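Residue numbers 7 to 218, in my numbering, belong to the letters of the sequence shown in order. Idealized CB from N, CA, C, for every residue including glycine. It should be emphasised that the depicted structure is a prediction, and the values quoted were computed from it without experimental measurement.
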Amino acid sequence: MLSEQGFLELLKIFPHVSSELFEELCMYERLLRQWQIHINLVANSTLSDFWTRHILDSAQLLLLESKAEIWLDLGSGAGFPGIVIALFLKREEKRSIHLIESNAKKASFLHTVITKLSLPAKVYHMRIEDSYSHVPLPDIITSRALASLKKIFRFVLPFLKGNTTILLHKGKSYLQEISDSHEKWIFDFLLHRSILDSDSVILKIKNLKKLS
7 MLSEQGFLEL
17 LKIFPHVSSE
27 LFEELCMYER
37 LLRQWQIHIN
47 LVANSTLSDF
57 WTRHILDSAQ
67 LLLLESKAEI
77 WLDLGSGAGF
87 PGIVIALFLK
97 REEKRSIHLI
107 ESNAKKASFL
117 HTVITKLSLP
127 AKVYHMRIED
137 SYSHVPLPDI
147 ITSRALASLK
157 KIFRFVLPFL
167 KGNTTILLHK
177 GKSYLQEISD
187 SHEKWIFDFL
197 LHRSILDSDS
207 VILKIKNLKK
217 LS
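Below, the structure written as structure tokens:
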């Protein structure tokens with residue numbers, strides 16, 4: 007379970023985080039572990055390192071875009087990073103996140119967490135391709151372990167407005183993915199090393215356009 011050590015780790019990244027937020031993260035973890043007994047929300051091998059692998063890895067995105075109002079998380083799964091971000095947004099007015107998840111059981115879990123913790127979030131149980139008319143245009147789009155860059159770019163294109171930022175967790179093959187995507191896409195990006203894993207990065211992408 008999350009512990010005092012977990013709280014200390016969170017404070018290293020967010021020095022002003024409240025004990026109330028920490029308690030809500032604990033509640034989220036308890037709910038996930040309860041549901042994990044019946045459905046496979048995350049790999050069991052990650053549960054022993056739950057804090058670093060999931061909570062802190064998700065929260066670090068807020069260091070890159072702390073003021074955005076409308077967030078969108080694609081393929082939310084067990085809620086990483088979507089639910090973690092929602093917990094941080096809860097204490098700020100006019101900020102929310104929308105979660106898209108096609109798996110019915112995972113979508114039900116997300117809805118349960120959102121309801122129990124009164125989060126500024128909404129889950130959409132549908133495929134990404136079917137969600138475009140349901141979700142407001144976001145300021146930030148996130149995705150964690152969903153698909154290759156080329157496939158994610160196809161997913162996000164209908165959501166884009168002039169200043170949309172895309173934040174993507176990527177592993178050690180990110181350079182090859184960037185190279186492959188340049189066949190059909192142009193974009194600006196900044197590379198941020200994960201503060202938790204030297205082999206992982208967060209790509210901050212803007213001005214995405216499809217080549218004709």
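(message) Given a cut-off of 9 Å on the beta-carbon distance, is the pair Val141 and Ile184 in contact?
(response) no
(message) Mapping the DSSP letters down to three states, classify His188 as helix, strand or coil.
(response) coil
(message) Between which residues of its own chain and Leu123 is the CB-CB distance below 6 Å, once the five residues before and five after are set aside?
(response) Glu30
(request) Determine the direct distance from the alpha carbon of Ile192 to that of Ala49, and round the result to whole angstroms. (result) Computed Cα separation, rounded: 34 Å.
(request) May I ask which residues mark the beginning and end of the alpha helix (DSSP H) holding Tyr34? (result) 25-42
(request) Taking Arg160 as part of the alpha helix (DSSP H), name the residues at either end of that continuous run. (result) Counting along the chain, the alpha helix (DSSP H) containing Arg160 begins and ends at 155-162.
(message) Which of the three DSSP states is assigned to His223 in this structure?
(response) Any property of residue 223 remains undetermined from this structure, which presents the chain solely from 7 to 218.
(message) Rounded to the nearest angstrom, what separates Asp186 and Gly88 at their Cα positions?
(response) 27 Å
(request) Name the one or two DSSP bridge partners that Lys122 has. (result) DSSP lists no partner for Lys122.
(request) Mind checking which residues open and close the beta strand (DSSP E) that includes Val207? (result) 207-216
(request) For Tyr138, count neighbouring C-beta atoms within 10 Å of its own C-beta (all shown protein chains included) and say buried if the count is 16 or more, exposed if not. (result) Counting the other Cβ atoms within 10 Å of the Cβ of Tyr138 gives fewer than 16, which makes it exposed.
(request) Determine the DSSP secondary structure at Ala92, reduced to helix, strand or coil. (result) helix
(message) Less than 9 Å between the beta carbons of Ile134 and Gly85, yes or no?
(response) Result no, Cβ atoms of Ile134 and Gly85 do not sit closer than 9 Å.
(message) I'd like to check one pair, Ile103 with Ile76: are the Cβ atoms closer than 9 Å?
(response) yes
(request) Report the rounded CA-to-CA distance for Ile211 versus Glu98, giving the unit in angstroms. (result) The straight-line gap from Cα to Cα measures roughly 25 Å.
(message) I need the DSSP call for Phe13, collapsed to helix, strand or coil.
(response) helix
(request) Put Leu69 into one of helix, strand or coil per three-state DSSP. (result) helix
(message) Need the endpoints of the beta strand (DSSP E) that Arg150 sits in, please.
(response) 146-150
(request) Following the continuous beta strand (DSSP E) through Ile172, name the residue where it begins and the one where it ends. (result) 171-176
(message) Using the Cβ count rule (16 or more neighbours within 10 Å means buried), how would you classify Gly168?
(response) exposed
(request) Kindly indicate the opening and closing residues of the beta strand (DSSP E) around Leu78. (result) 76-80
(message) Using the three-state DSSP reduction, which class does Arg59 fall into: helix, strand or coil?
(response) If DSSP states are grouped into helix, strand and coil, Arg59 belongs with the helices.
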